[in-house]
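Below is one structure; the comments refer to it alone.
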Amino acid sequence: MVYEIKLEIFEGPLDLLLHLINKNEVDIFDIPIATIADQYLEYIEMMKVLNINVAGDFLLMASTLVHLKSKMLLPESNDDTVDEDLHNEIVRPLLEYMSYREIAGDLSERDLLERDVFCRQVPLDFRSHIKEEGAPLDVNLFQLIDAFKQVMDRTLPGVQLQLRLEQWSVKEKIEHIITCLKEKGTMLFVQLFVEDRVVSEYIVTFLALLELVHMGLVRIFQSTPHSDIKLTPCFEED
C-alpha cells in the first residue's frame, strides 16, 4: 500500500526556472538550456516522489525545455532559430513574470504603508549611527527541496527516495514538529531529521512540514542568503 498526500503547489514553473537560474548563477539571457532542463526534470521527479501534486503548467514547461534541448543537440539545428525559440518560450515569459512580480510586490506594500501602517520617522542625526539589518528571507518550496536533498545526501547517501506505508504518519510528525517548536521556539530545518532513521521517515517528516507551512502554522526563513534554514511557529502555544 502506498501512502499518498496531496498538497497545493505554492510555487509555479517560472519560480522553479528562476530558482535554477539563480542557483547556477547564470545570466537570464544566456541560459544553458541542457543543464537547466536536466535539473528541472530532477525537481519534477523529486516532487513526484514526495507525492506533491505536479500541476500541468510544470509538465508543459518540462516538455518545452526538453524540446529546446533536443533541438540544440541536433547536428543540423539552426542556432538563430533555437535562440529565437528560447527567447520566445523561456526568456520573454521569465522577464514578464519578474516584472509583474516586482510590480505586485510594490503595490502590496503601497496598500499598507501610510494607510494602515505608519513608519516612525527617525531623526536625521541618528540615522548615521544605525546599523541596518536585512529582514529575514522567506524560503520557497524549491529551496526547501534543496535543503531536504542535502540532508538525505549527508545522512543516507546513495539511498533511493521511496515512500512506503510504515509506522509513521504525517499527522504524528505534525504533532512532533509542533511539540519541538513549542519547546524551542525557533529551530533549524536540519534538526527535524535528527531522530529519523530510514528514508520513509525522512519523507513523512518533510511532508508534515510542508503541510504545516501550507496551513500557515509554521514559517520557514533564512537570516541571510545561503544561511541555515530556520523554522518559527505561527501559532499560540496553547
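Under our numbering, residues 14 to 251 are what the sequence shown spells out, in order.
Using N, Cα and C, we set each Cβ at its ideal position, and we do this for glycine too.
Residue i to residue j span [Cα, whole Å]
| i | j | result |
| --- | --- | --- |
| Gln-52 | Gly-25 | 15 Å |
| Tyr-110 | Gln-180 | 43 Å |
| Ser-236 | Leu-230 | 19 Å |
| Leu-78 | Phe-202 | 32 Å |
| Leu-220 | Leu-244 | 15 Å |
| Pro-136 | Thr-192 | Summary for Pro-136: the model assigns pLDDT 49, below 50, so the residue's position carries little reliability; its value from the coordinates is reported in the next sentence. Looking at the two C-alpha atoms, the distance is approximately 44 Å. |
| Glu-145 | Leu-87 | Reliability of the predicted coordinates at Glu-145 is poor, the pLDDT of 43 falling under 50, and no value is obtained from them. |
| Met-85 | Lys-61 | 27 Å |
| Lys-197 | Glu-249 | 14 Å |
| Leu-157 | Met-200 | 15 Å |
| Ile-190 | Ser-240 | 21 Å |
| Glu-208 | Arg-232 | 22 Å |
| His-80 | Leu-29 | 18 Å |
| Val-217 | Ile-187 | 9 Å |
| Val-67 | Leu-54 | 12 Å |
| Val-226 | Leu-154 | 10 Å |
| His-32 | Asn-101 | 19 Å |
| Ile-65 | Ala-50 | 20 Å |
| Leu-63 | Asn-37 | 24 Å |
| Leu-27 | Asn-91 | 26 Å |
| Asn-35 | Lys-162 | 18 Å |
| Ser-182 | Gly-69 | 28 Å |
Range of the contiguous alpha helix (DSSP H) that encloses residue i
| i | result |
| --- | --- |
| Ile-34 | 26 to 37 |
| Thr-94 | 92 to 99 |
| Val-226 | 212 to 227 |
| Leu-157 | 154 to 168 |
| Gln-52 | 46 to 62 |
| His-239 | Here His-239 belongs to no alpha helix (DSSP H), and DSSP marks it neither H nor E. |
| Gly-69 | 69 to 86 |
Integer-rounded CB distance, given that residue j should sit under 8 Å from residue i
| i | j | result |
| --- | --- | --- |
| Leu-99 | Ile-41 | The Cβ separation is near 11 Å, so there is no contact. |
| Lys-82 | Ile-46 | 6 Å |
| Pro-246 | Leu-205 | The Cβ separation is near 13 Å, so there is no contact. |
| Met-165 | Tyr-113 | Rounded, the Cβ-Cβ distance is 35 Å, inconsistent with contact. |
| Ile-57 | Ala-75 | 6 Å |
| Leu-71 | Val-152 | What sits at residue 71 in the sequence shown is Phe, not Leu. With a Cβ gap of about 19 Å, Phe-71 and Val-152 do not count as contacting. |
| Val-212 | Leu-169 | 6 Å |
| Ala-160 | Ile-242 | 5 Å |
Where residue i sits in the DSSP three-state scheme
| i | result |
| --- | --- |
| Glu-151 | One detail in the question is off: residue 151 reads as Asp in this sequence, not Glu. If DSSP states are grouped into helix, strand and coil, Asp-151 belongs with the strands. |
| Thr-245 | strand |
| Ala-201 | In the sequence under discussion, the amino acid at residue 201 is Leu, which differs from the Ala named in the question. Note: Leu-201 maps to strand in three-state DSSP. |
| Glu-4 | Past the edges of the chain, shown from 14 to 251, lies residue 4, and the structure says nothing about it. |
| Ile-143 | Any reading at Ile-143 must be qualified, since the residue scores a pLDDT of 38, below 50, and its modelled position is unreliable; no value is offered. |
| Ser-182 | coil |
| Ile-41 | coil |
| Ile-190 | helix |
| Ile-65 | coil |
| Glu-17 | Because Glu-17 carries a pLDDT of 45, less than 50, the predicted location of this residue cannot be relied on, and no value is offered for it. |
Start-to-end residues for the beta strand (DSSP E) that takes in residue i
| i | result |
| --- | --- |
| Phe-234 | 231 to 235 |
Proximity test, residue i beta-carbon vs the ligand MG heavy atom, cut-off 7 Å
| i | result |
| --- | --- |
| Lys-186 | The model depicted lacks the ligand MG and carries no ligand whatsoever. |
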